[in-house]
Amino acid sequence: MAQIDINNILMFEATAGQYDTQAGRLEDGADEMRKPCSIPAGGIFGRDLMVTALNAAHISAADKIMTAMRGFQAYSGALKTIGAESRNTMEVTVGLLGSTLNAYERADQATPGGN
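In my numbering, each residue carries its 1-based index in the sequence shown increased by 153.
So, in structure tokens, the structure goes:
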């Protein structure tokens with residue numbers, strides 16, 4: 154997994170985008186592997202078994218790839234949520250800080266001899 158700087162909100166979104174891209178590539182690869190083997194079956198009993206075994210192996214590998222792809226998607230979704238929540242928290246914090254500073258400034262101006 155990528156190292157993520159927890160203080161960099163944009164990094165969560167960028168990393169989530171990378172994982173979305175990887176998930177898409179994995180899904181494409183799994184779809185390709187699910188296609189039947191291109192070795193023609195027939196004629197020789199051993200070749201029939203080989204084609205069946207190859208197809209089964211490809212489908213099994215495709216299933217594992219799809220599982221990995223779902224993991225990437227889940228991780229990406231979590232990163233997006235964390236990034237959004239971090240942004241919301243930062244906006245609320247900045248808003249509260251601004252309100253507090255404005256209140257102090259108004260109180261200072263209302264005080265005789267205040268700046």
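We put the CB at the ideal spot given by N, CA and C, even for glycine. Treat the numbers as computed from the prediction; the structure is a model and nothing was measured.
For residue i, three-class secondary structure by DSSP
| i | result |
| --- | --- |
| Asn161 | coil |
| Arg200 | helix |
| Thr174 | helix |
| Thr264 | coil |
| Arg259 | helix |
Close Cβ partners of residue i (< 7 Å) along its chain, the five nearest in sequence each way excluded
| i | result |
| --- | --- |
| Gly182 | Ile218 |
| Gly170 | none |
| Pro189 | Asn208 |
Own chain, CB closer than 8 Å to residue i, minus 5 neighbours either side, in chain order
| i | result |
| --- | --- |
| Ile162 | Gly236, Ser239, Arg240, Met243 |
| Arg187 | His211, Ile212, Ala215 |
C-alpha gap between residue i and residue j, whole angstroms
| i | j | result |
| --- | --- | --- |
| Val245 | Ser252 | 10 Å |
| Gln175 | Ala206 | 28 Å |
| Arg178 | Tyr228 | 15 Å |
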